[in-house]
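What follows is a single structure, written as structure tokens, with notes after it.
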């Protein structure tokens with residue numbers, strides 16, 4: 002018969018592992034990333050938010066939804082890598098792309114590191 006303390010230790014260890022991984026975005030392959038980018042999205046619900054999409058090649062991918070003066074109509078979605086400060090886009094297999102981001106009553110170009118599977122289709126940027 003197992004001792005209650007041994008069972009408690011096993012459950013405690015399992016709980017710690019579950020908590021550590023609870024906030025970690027899921028790993029995605031190219032097909033899953035493309036499928037996520039192809040899903041419809043609601044401008045009114047998502048404006049001014051950032052969503053954790055998952056991890057591609059071990060690097061976090063996020064979707065930003067900036068808007069400016071005419072919201073939610075001018076909300077855009079930009080799917081890109083969330084790189085650590087010292088990382089270069091090319092070092093994670095990304096492609097640098099410049100897109101127009103709404104700011105105040107205008108738009109400004111901003112460069113993002115895009116996961117390669119989204120580049121050819123342009124699915125990384127949606128209006």
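Numbering (the numbering used here), first residue to last: 2 to 128.
Virtual Cβ for every residue (Gly too), placed ideally from N, Cα, C.
Reduced DSSP category for residue 98 - H, G, I as helix; E, B as strand; rest coil: Counted from its first residue, the chain shown places residue 98 at position 97. In the structure shown, residue 98 sits in a strand (DSSP, three-state: E or B).
- prompt: Given residue 110, which residues of its chain have a CB within under 8 Å of its CB, disregarding the five upstream and five downstream residues?
  reply: Here residue 110 is taken as the residue at index 109 of the chain shown, counted from 1. Spatial neighbours of residue 110 in its own chain (CB-CB distance under 8 Å, excluding positions within 5 residues in sequence) are listed in chain order as 99, 100, 101, 102.
Where residue 31 falls, given that 16 or more other Cβ within 10 Å makes a residue buried: In the chain shown, the residue the question calls residue 31 occupies position 30. Using a 10 angstroms sphere on the CB of residue 31, the tally of other CB atoms stays under 16, which defines it as exposed.
>> At the 8 Å Cβ level, is residue 118 part of the contact set with chain C, yes or no?
In response: The chain labelled as chain C is not found in the depicted structure, where only one protein chain is given.
- Item | Range of the contiguous alpha helix (DSSP H) that encloses residue 44 | Within the chain shown, numbered from 1, the residue matching residue 44 stands at position 43. Per DSSP, residue 44 belongs to the alpha helix (DSSP H) from 44 to 47.
ask   = Is it the case that the Cβ atoms of residue 77 and residue 126 are separated by a distance below 8 Å?
value = The residue labelled residue 77 in the question sits at position 76 within the chain shown. The residue labelled residue 126 in the question sits at position 125 within the chain shown. Yes.
In the DSSP assignment, the beta strand (DSSP E) including residue 88 goes from what residue to what residue? Your numbering for residue 88 matches position 87 in the chain shown. Counting along the chain, residue 88 falls outside any beta strand (DSSP E), and DSSP gives it neither H nor E.
Would you report the Cα separation of residue 47 and residue 66, rounded to the nearest angstrom? Residue 47 sits at position 46 when you count from the first residue of the chain shown. Residue 66 sits at position 65 when you count from the first residue of the chain shown. Using only the alpha carbons, I get a separation of about 6 Å.
Once you ignore the five residues that flank residue 35 on each side, which residues in its own chain have a CB closer than 6 Å to its CB? Position 34 of the chain shown, counted from the start, is the residue given in the question as residue 35. Excluding positions up to five away in sequence, the list reads 118.
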